[in-house]
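In this note's numbering, the protein residues as written are 1318 to 2249. Beta carbons: idealized from backbone N, C-alpha and C, even for Gly.
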């Protein structure tokens, strides 16, 4: 029964309340005015006493007007709400009426084919239910709210009754139709057709019919059936005649006196369209009905349709019915014929075989969930394996329902692979290999000068069996073109398709169906799907039970209903044991790349760097993956933590030799900047002479390096690396960098790398932002697996780089015999004390405002002036006069402070921001690092 949401009924508006006269509000101003007059003795004050009653009367009138307007508005809203509910009730009653008619169609719906969805599909408990007519029935609608209000009484009564709904009875109680014989017989015809519509001939059987006037009913397949049935039906017109017992009795009677005692439901025909219904349980309760008499001509036409349907589907016909269960081992698999001839099941005539070569070369199978598709595919695959060696027929099984269908068949040596949706990467790789297999077979036929694979002994047949073809196309829509190509050329190439899907309509296109001449359909949900597969509507009427009932259509043969053989585990084991030790079939693809490929196991090259193994499923081969700097340019490797980036860096670092010098960028920032400065200068000052030995700079975790720097230093580092990437190749310098993601400033930098290796990223979004193809993303990609130029690569494994984190050493500050040193330090007192200890012969002076330069006859041979940035700014004239001949030492500070002190825009070498670390600027402008 259709479930409806509860409908809330609004409450009717109540009577408006009358506002009382405000006595106190009228008296209060009078009392106040008298009191004021008593004090002031002014007669004018007494005029205010009049205002109290006037205001009170005006307020009372305003309140009553407002109340009337509110009452009218509430009444209008209530009426509108009632009208909306009445419209909703009509809509809900119509839906409820339609649902009931769908569940229990009357004779009118049966003849109009409106009940085709439920034809022969009624559940056991409803096979005996008959709609005796249309009338008022209790509705499932539920009203809430003000249902007790007298004004809503009619609305609630209307909601509780659905009119023109099917009035159903249990036919096993017996139904007697009273009235003129012509009319009552026409009504009983409709009841009999309803019963025959509800169940197929195996579940409902007519055991008795009157001799005259019921010739049309003998066309019903239910009347021609034999054997046991769940429900038996008899039709009687004279209760005095003896009739065999039955579960359901339909009686045609002139009056209630002639009605059989076994009929508890009495239908009295008043006119050709109206009748009254009484039950023996409560004769006083009479229901008015609208009836639908059926003519003999209309009944005969429908009976013939059911007979044709039963014959086509094999449910029951003059030729018999297939067995309810067939065991695969009982089928005749050794019958003569070609190796592709397979017995798939048994009909009423005997075993039924299909042949991919004779009837194909390709097949399409339709069937809804639970109809037995997996059983059919297993039977077909095992039948091919039983009649052929692995060299003669190889099986490629594609299961996009999780892999459970073909899991037991993997023990067969004929199976070259099972593709499932649980391994999208593996599925992509295997399906790509199919394209290569087509080209391989074409090439082989061309080289042998033949036109058919049967003429080449080494080319066995490859049968591709696909379960859930629609699901496969959802994941790989581009494969439809490949399967169309295989369908068009598969016969000569020795490649056959067996495609199975739940709903072939709109999935298997005409270009593919045109070459699939072998058609099989198990039970489907509608006639359109049945027609799309086998050209007739038969499969839509196949029974739910037993599963495995199938309609087989082969060229030049009528459709045949077959019960598919059921495969047992022992059957698979027996076939596998029979072919144990046979030569394996040629596989259309290689095994996946191993997850651990030691660099020592790969052949090295003097002209290129070996990075691992490349998987080329489209070419059915695997080869050593090499990086050639001259041809491939600089390389960027992106991947999440533990994806294999550092392994790649170590792999390249171990291949330094006569042809290539590999330099790994130091983890120490001072050394790293020195290396970048050196390579940038080398790149920009290269001559025209070809470089005999190239340089490869390896930067591991570039994003981490940039993240350790301040904004200014990071910009400088990126600038240096940009110079190397732009001009380096002319000087024989290339860069290999790894990173987890494109950090700040690296987006523009990544564009300068000529090629990118994409490893496993932390998320699909990171993968796409890094420039990767969304289809190539896999969060299950193992360490070292990557995509490079659209090719899957497994990087070679080596020991990790030994990376030193020790800071670079800087020499202590040396002061010449007659040298003046100017020191800028943020801690001048501490720095001066430290310098006095280190240079006891020098005159170490802390700079103060007003300090002057020592005179040559007074100053010692060594002079050290120490001050902070502010002190030097105050004594700028002193700094300017001494700077010409003195050495300037600036302890680590910001670039802005450095420029303010030195008055130079030249960038000093990178310096660790540690106490005592400083720049030494000689008077000739040379900048070095030192420690104080």
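| Asked | Found |
| --- | --- |
| Extract the residue ranges of the alpha helix (DSSP H) inside the segment 1497–1544, only unbroken runs of 4 or more that lie entirely within it. | 1498–1515 and 1538–1541 |
| Beta-carbon separation of residue 1560 and residue 1551 under 7 Å? | yes |
| Relative to the alpha-carbon of residue 1438, which residue among 1904, 1921, 1596 and 1842 has its alpha-carbon at the smallest distance? | 1842 |
| Beta strand (DSSP E) containing residue 1602: first to last residue? | 1599–1607 |
| What is the DSSP secondary structure of residue 1337, reduced to helix, strand or coil? | coil |
| From residue 1511 to residue 1450, what distance separates their C-alpha atoms? | 12 Å |
| With a threshold of 6 Å (Cβ to nearest heavy atom), would residue 2188 be considered close to the ligand NAD? | The ligand content of the structure shown is nil, which means the ligand NAD is not present either. |
| How is residue 1471 classed by DSSP in three states: helix, strand or coil? | helix |
| Which residues share a DSSP beta bridge with residue 1867? | 1879 |
| Got a sec? Which residues, its chain only, sit under 6 Å from residue 1938 by beta carbon, not counting five neighbours each side? | none |
| Can you give me the start and stop residues for the alpha helix (DSSP H) that residue 1968 sits inside? | 1962–1970 |
| Residue 1696 and residue 1674 - do their beta-carbons sit closer together than 7 Å? | no |
| List the residues that DSSP assigns as beta-bridge partners of residue 1952. | 2053 and 2072 |
| For residue 1777, count neighbouring Cβ atoms within 10 angstroms of its own Cβ and tell me buried if that reaches 16, exposed if not. | buried |
| Taking the alpha carbon of residue 1324 as the point to measure from, which residue in 1345, 1995, 1402 and 1356 has its own alpha carbon closest? | 1402 |
| Classify residue 2209: buried if its beta carbon has 16 or more other beta carbons within 10 angstroms, exposed otherwise. | buried |
| Looking at the secondary structure, which residues open and close the beta strand (DSSP E) in which residue 1937 lies? | Neither: residue 1937 is in no beta strand (DSSP E) and is coded neither H nor E. |
| Pull up the CB-CB distance for residue 1840 and residue 1722, whole angstroms please, since I reckon it's below 8 Å. | With a Cβ gap of about 18 Å, residue 1840 and residue 1722 do not count as contacting. |
| Would you kindly report the start and end of the unbroken beta strand (DSSP E) that includes residue 1812? | 1812–1818 |
| Report back the beta-carbon spacing between residue 1734 and residue 1724 to the nearest angstrom; my notes put them in contact at under 8 Å. | That pair is no contact at about 13 Å. |
| Residues in the same chain with beta-carbon distance under 6 Å from residue 1836, minus the five sequence neighbours each way, listed in chain order, please. | 1681, 1850, 1851 and 1870 |
| With DSSP collapsed to three states, give me the class of residue 1683. | strand |
| Would residue 1347 and residue 1353 be called neighbours here (beta carbons separated by less than 7 Å)? | no |
| Identify which residue in 1668, 2144 and 1718 has its Cα closest to the Cα of residue 1690. | 1718 |
| Which residue wins for smallest C-alpha separation from residue 2198, given the options 2211, 2178 and 2219? | 2219 |
| Of the residues 1786, 1422 and 1591, which one's Cα is nearest the Cα of residue 1485? | 1422 |
| Keeping to the same chain, check which residues put their C-beta closer than 6 Å to that of residue 1903; ignore five residues upstream and five downstream. | none |
| Where does residue 1826 land, buried or exposed, given buried means 16+ other C-beta within 10 angstroms? | exposed |
| Specify, as a first and last residue, the run of the alpha helix (DSSP H) that residue 2193 falls within. | 2193–2199 |
| Determine, using beta-carbon pairs with one atom in the segment 1520–1532 and one in the segment 1597–1607, whether at least three such pairs fall under 8 Å. | no |
| Using 7 Å as the threshold, is the C-beta distance between residue 1884 and residue 1645 below it? | yes |
| Looking only at DSSP bridge pairs, what is residue 1929 linked to? | 1942 and 2112 |
| By a C-beta neighbour count over all protein chains shown, 10 Å radius and 16 as the cutoff for buried, is residue 2211 buried or exposed? | exposed |
| Is it buried or exposed for residue 1947, if we count other Cβ within 10 angstroms and need 16 for buried? | exposed |
| Given a cut-off of 7 Å, decide if residue 1640 and residue 1664 are closer than it, judged by their beta-carbon atoms. | no |
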